[in-house]
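Undergrad:
Residue numbers (our numbering): 3 to 222.
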């Protein structure tokens, strides 16, 4: 008689072929959408910077005072550098950079999020709780109460790898964690199973992680 995990694995393999094209299309759409959004954001930042520069440096709005002060040299230079418009422009630029960094860190393109949720739901079933969180993370609680998290990296720096994932289990207590991890293709960090996987590995590596965690939690 087949175990429940073997049955799940068989069903996954049988249904994977029909989903590949749809999933690939989702990731291609997410990649194109991300690039388009980057272009839009950069264009918006240039426009906002130009308007801000104009506001801070146009005479009569927030420009430098035209009346010369009696001080010369270093004192006058410090007054210019520390003037309202210079400091205001620096603060405005810093806020723009922070907003862009937060947007890049926090949000996953819609098609990529749909891809990830579809894969996890298809592998783990309706009984599992899957919660997307800010920072491109997904918190997963299995039917048996075990938990793990998945974080998505849109593009690895210096490579052409798009939408890779990092799987991290909750802390586990078992004297044979290293053996269980090695048998299932995971590394061990402290008492957690960890793996960095590509998007086409997400299906079976998620299944393997759930299986490894179940074994580690039930065996001595």
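In this text, a Cβ means the ideal position worked out from N, Cα and C, and glycines have one as well.
Would you report the Cα separation of residue 212 and residue 33, rounded to the nearest angstrom?
TA: For the purposes of this step, residue 212 is taken as residue 210 along the chain shown, with counting starting at 1. For the purposes of this step, residue 33 is taken as residue 31 along the chain shown, with counting starting at 1. Looking at the two C-alpha atoms, the distance is approximately 28 Å.
Undergrad: Could you tell me the alpha carbon to alpha carbon distance between residue 55 and residue 44, rounded to whole angstroms?
TA: Counting from 1 along the chain shown, the entry for residue 55 is found at position 53. Counting from 1 along the chain shown, the entry for residue 44 is found at position 42. So the two alpha carbons sit approximately 16 Å from each other.
Undergrad: Our contact map puts residue 2 next to residue 208 with C-beta atoms below 8 Å; I'd like the distance itself, whole angstroms only.
TA: What the structure shows of the chain is the stretch from 3 to 222, and residue 2 is not part of that stretch, so it cannot be assessed.
Undergrad: Pick helix, strand or coil for residue 174, following the three-state DSSP scheme.
TA: Along the chain shown, one-based indexing puts residue 174 at 172. Of the three classes helix, strand and coil, the one that applies to residue 174 here is coil, per DSSP.
Undergrad: Could you give the distance in angstroms between the alpha-carbon of residue 200 and the alpha-carbon of residue 57?
TA: What you label residue 200 is simply residue 198 of the chain shown in a count that begins at 1. What you label residue 57 is simply residue 55 of the chain shown in a count that begins at 1. Cα-Cα distance, rounded: 47 Å.
Undergrad: For residue 158, collect the residues of the same chain with a Cβ closer than 7 Å to its Cβ; drop the 5 residues on either side in sequence, then sort them by chain order.
TA: Position 156 of the chain shown, counting from 1, holds the residue named residue 158. The answer, listed in chain order, is 166.
Undergrad: Can you give me the Cβ contacts of residue 101 inside the same chain, cut-off strictly under 8 Å, excluding the 5 residues immediately before and after it?
TA: The count along the chain shown starts at 1 and reaches residue 101 at position 99. None.
Undergrad: Please name the residue in 210, 35, 220 and 206 whose C-alpha comes closest to that of residue 113.
TA: The residue given as residue 113 occupies position 111 in the chain shown. When each option's Cα is compared against that of residue 113, the closest is 35.
Undergrad: Is the separation between the beta-carbon of residue 129 and that of residue 169 shorter than 7 Å?
TA: Translated into positions along the chain shown, residue 129 becomes position 127. Translated into positions along the chain shown, residue 169 becomes position 167. Not in contact: residue 129 and residue 169 (Cβ atoms no closer than 7 Å).
Undergrad: Report the residue from 131, 194 and 118 whose alpha carbon sits nearest the alpha carbon of residue 146.
TA: Position 144 of the chain shown, counting from 1, holds the residue named residue 146. Among 131, 194 and 118, the Cα nearest to that of residue 146 belongs to 131.
Undergrad: To the nearest angstrom, report how far apart residue 116 and residue 162 are at their CA atoms.
TA: Position 114 of the chain shown, counted from the first residue, corresponds to residue 116. Position 160 of the chain shown, counted from the first residue, corresponds to residue 162. Rounded to the nearest angstrom, the two C-alpha atoms are 21 Å apart.
Undergrad: Going by beta-carbon coordinates alone, are residue 194 and residue 175 separated by less than 7 Å?
TA: As a working note, residue 194 is residue 192 in the chain shown. As a working note, residue 175 is residue 173 in the chain shown. No. Outside cutoff.
Undergrad: On the CB-based measure, 16 or more other CB atoms within 10 Å of its CB, does residue 30 come out buried or exposed?
TA: Within the chain shown, residue 30 is the residue found at index 28, counting from 1. It counts as exposed.
Undergrad: Here's a check: name, in chain order, each residue in its chain whose Cβ is nearer than 7 Å to the Cβ of residue 127, leaving out the five neighbours to either side.
TA: Translated into positions along the chain shown, residue 127 becomes position 125. In the same chain as residue 127, and ignoring 5 residues on each side of it, no C-beta atom comes closer than 7 Å to its own.
Undergrad: Got a sec? Which residues, its chain only, sit under 8 Å from residue 123 by beta carbon, not counting five neighbours each side?
TA: Translated into the one-based positions of the chain shown, residue 123 becomes position 121. 130 and 132.
Undergrad: May I have the straight-line CA-CA distance separating residue 220 from residue 186, to the nearest angstrom?
TA: On the chain shown, position 218 is the one that residue 220 refers to. On the chain shown, position 184 is the one that residue 186 refers to. In a straight line, the C-alpha of residue 220 is about 16 Å away from that of residue 186.
Undergrad: Check for me: the beta strand (DSSP E) holding residue 197 runs from which residue to which?
TA: What you label residue 197 is simply residue 195 of the chain shown in a count that begins at 1. Looking at the DSSP string, the run of the beta strand (DSSP E) that includes residue 197 is 194-199.
Undergrad: To the nearest angstrom, report how far apart residue 37 and residue 106 are at their CA atoms.
TA: The residue given as residue 37 occupies position 35 in the chain shown. The residue given as residue 106 occupies position 104 in the chain shown. When rounded, the distance between both Cα atoms is 11 Å.
Undergrad: Quick one: what's residue 191 bridged to in DSSP?
TA: As a working mapping, residue 191 is identified with position 189 in the chain shown. Residue pairing by DSSP puts residue 191 in a beta bridge opposite 194.
Undergrad: When DSSP labels each residue in this structure, what does residue 31 get in the three-state scheme?
TA: Here the question's residue 31 lines up with position 29 in the chain shown. Of the three classes helix, strand and coil, the one that applies to residue 31 here is helix, per DSSP.
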